[in-house]
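Enquirer: One structure, as structure tokens, below. Some questions next.
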Amino acid sequence: MNTASTGQRNTLRWPWLLLAAVIIVLAASYGWQRWSHRHGPPDPAPGEVTPWFGPRNQQEAVNAATVQIDGGREREKSGKTDWLHMEILGDALVGRYRLTGSYADLAEADKVLDRAIGMAEFPAGPSLSRAALSVTLHRLDDATKALTRFDAQKASPHSEEASSALALRGDIAMQRGDYATAREDYAKAEAAANNAGLALRQSMLSLRTGDPELARRRVNAVLRGKRLTRLAKAQAAIQRATVAYAVGDWTTAGRWARFADSFFPGNWLNEAFVAQQAAVEGRPDEAARRYADIANRTNAPEVMDALAHLLRLQGKGPESRAWADRAAAIWAERLQALPEAAAAHVIEHELAVGDPRRALDLARQDAARRPHGATLALLARAQLLTGDPAGALATTERAEKGGWRSALLLMQKAEALDALGRGDDAEDARKAALKINPKAADPTARFVWFGHD
């Protein structure tokens, strides 16, 4: 053996081995950076989430809104008002509705803002407040009309107003099932002026179009944010729980639901998430007690429906029917007062604890107005429960084609395919659902009423 020759070959080989090692390290580093960027940092610990200013609990927030509302009503009654003060009154009523769920406040705000618009000479007036309320009421054409009025103003809007207008356009696109336009509008709004509300909108869009990780990261940015109220942070925590429910992470959902309830105590929705979590964790009797307490204190029909559904799953028919009837009476009043706003809630009520035949017509109407994934999923469920699996399959496929991604939708697609005798396709749909949410077929998933897909 020629030792000199071997040494020469080793000498020549060494730089290439070194280069290969460097490439491997760089590739691994790049892969790690991409993974880290994609997955982002872990959730903040609840103890790291801190408030800045504002009411410390539900009662303080409601009291503050009520003072504003009482003052605005007195001003209007005295005749010493103008459109700007009417807008302030309308916004305060909407703010209290968001705390309490009161449709009376929502209906009054609707009338107040209409009067305010009537007081102002075109194109002035509370066009953004009017558009925001119309989106909340699910009157998308009215919202677009208000934004057209806003655009007609001669003065250039400041950055916060421009951002609000763009975000509202994103909301309209989202409800119409145009997720690409919604994403573009939200991005433009973010470029104009970012805020916590916009981040949560973007989070929900990401979640419902197949990117729960991005949804998580956007929520976490709000939870870590500075200069945000307790209410804003609690709302972010509830959305973090919603993201967790969507992927079957019951533990994380419970952590953030309980955090929201302790961070901003007294809020009925936070309390309802905690009650729901008790059922998810195997304590349905505790969940029922908690739901009943909330329902009796607040008269919230959403909670009554959740309780009626839970009792029905437990085989407690008469108790379930009593709560369902109580909720039905309230929903009937709300449907008459604000039909577009109440429609989806009434559909859910009828599908879960009422009559699916009553849900079907409402679901068709709502899907025609707002053909986004959640509305189409309700229509598909109504079609399934009224004996139309072919219609349900077409509806789920329409939602999928539009870009909506959720385990619930895919499980309904599987159910429709099974009913049509397409077992292999049904199994594929179930596998796709379980890829999104590994617990989608778990009986426990039936307890998730708040924050479901």
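Positions 0 to 452 (numbering that gives the first Met the number 0) are the ones given, in order, by the sequence shown. All C-beta atoms in this analysis are idealised placements derived from N, C-alpha and C, irrespective of residue type, glycine included.
Using beta-carbon positions only, say whether Leu204 and Ala233 come within less than 8 Å of one another.
Expert: no
Enquirer: Is the Cβ-Cβ distance between Ala326 and Ala307 less than 8 Å?
Expert: A contact, by the Cβ cut-off of 8 Å.
Enquirer: Note down, in chain order, each residue of its chain lying with its Cβ closer than 6 Å to the Cβ of Arg239, except the 5 sequence neighbours on either side.
Expert: Val218, Trp255
Enquirer: Could you give the first and the last residue of the continuous alpha helix (DSSP H) run that contains Lys400?
Expert: 388-401
Enquirer: With a 10 Å radius around its C-beta and 16 neighbouring C-beta atoms as the bar for buried, classify Asp81 as buried or exposed.
Expert: exposed
Enquirer: I'd like to check one pair, Ala294 with Ala286: are the Cβ atoms closer than 8 Å?
Expert: no
Enquirer: Alpha carbon to alpha carbon, what distance is there between Ala393 and Ala428?
Expert: Between the alpha carbons of Ala428 and Ala393 lies a gap of roughly 14 Å.
Enquirer: Measuring alpha carbon to alpha carbon, tell me which of Pro45, Ser77, Ile87 ends up nearest Thr65.
Expert: Ile87
Enquirer: Would you report the Cα separation of Thr385 and Met173, rounded to the nearest angstrom?
Expert: 28 Å
Enquirer: Kindly indicate which three-state DSSP category Ala151 falls into: helix, strand or coil?
Expert: coil
Enquirer: Would you mind sorting Asp260 into buried or exposed? The rule is 16 or more other CB atoms within 10 Å of its CB.
Expert: buried
Enquirer: Is the separation between the beta-carbon of Arg200 and that of Tyr185 shorter than 8 Å?
Expert: yes
Enquirer: Taking Cβ positions, are Phe258 and Gln57 nearer each other than 8 Å?
Expert: Cβ distance not < 8 Å, so Phe258 and Gln57 don't count as in contact.
Enquirer: Near Ile22, which residues of its chain fall below 8 Å by C-beta distance, leaving aside the five closest residues on each side in sequence?
Expert: Reliability fails at Ile22, whose pLDDT of 39 lies under 50, so the model's placement of it is uncertain and the value that follows must be treated cautiously. For Ile22, where only same-chain residues beyond five positions count, there are no Cβ hits under 8 Å.
Enquirer: Given a threshold of 16 other Cβ atoms within 10 Å of its Cβ, counted over all protein chains shown, does Ser158 qualify as buried or as exposed?
Expert: exposed
Enquirer: Looking only at C-alpha atoms, which of Ala305, Ala367, Glu414 sits nearest to Arg445?
Expert: Ala305
Enquirer: For the alpha helix (DSSP H) containing Leu88, name the first residue and the last one.
Expert: Annotation: the continuous alpha helix (DSSP H) that includes Leu88 extends over 82-99.
Enquirer: One question on the structure: do Ala236 and Leu222 come within less than 8 Å of each other, judged by their Cβ atoms?
Expert: Contact: yes.
Enquirer: Which first and last residues belong to the alpha helix (DSSP H) in which Phe258 is found?
Expert: 249-262
Enquirer: Under 7 Å Cβ to Cβ from Ala26, same chain only, skipping five residues before and after it: list those, please.
Expert: Confidence in Ala26 is poor, its pLDDT being 40 and thus under 50, which makes the residue's placement too unreliable to answer from.
Enquirer: Quick test of your reading: Val345 and Ser319, contact by CB under 8 Å. State the CB separation rounded to the nearest angstrom.
Expert: No, Val345 and Ser319 are not in contact; Cβ-Cβ is about 18 Å, not under 8 Å.
Enquirer: Taking only the alpha-carbon atoms, compute the straight-line gap between Ser35 and Ala60 and give it to the nearest angstrom.
Expert: Because the pLDDT at Ser35 is just 39, under 50, the model does not fix this residue reliably, and the point stays unresolved.
Enquirer: Please look up how many angstroms separate the CB atoms of Ala91 and Gln67, rounded, as I've assumed it's under 8 Å.
Expert: 4 Å
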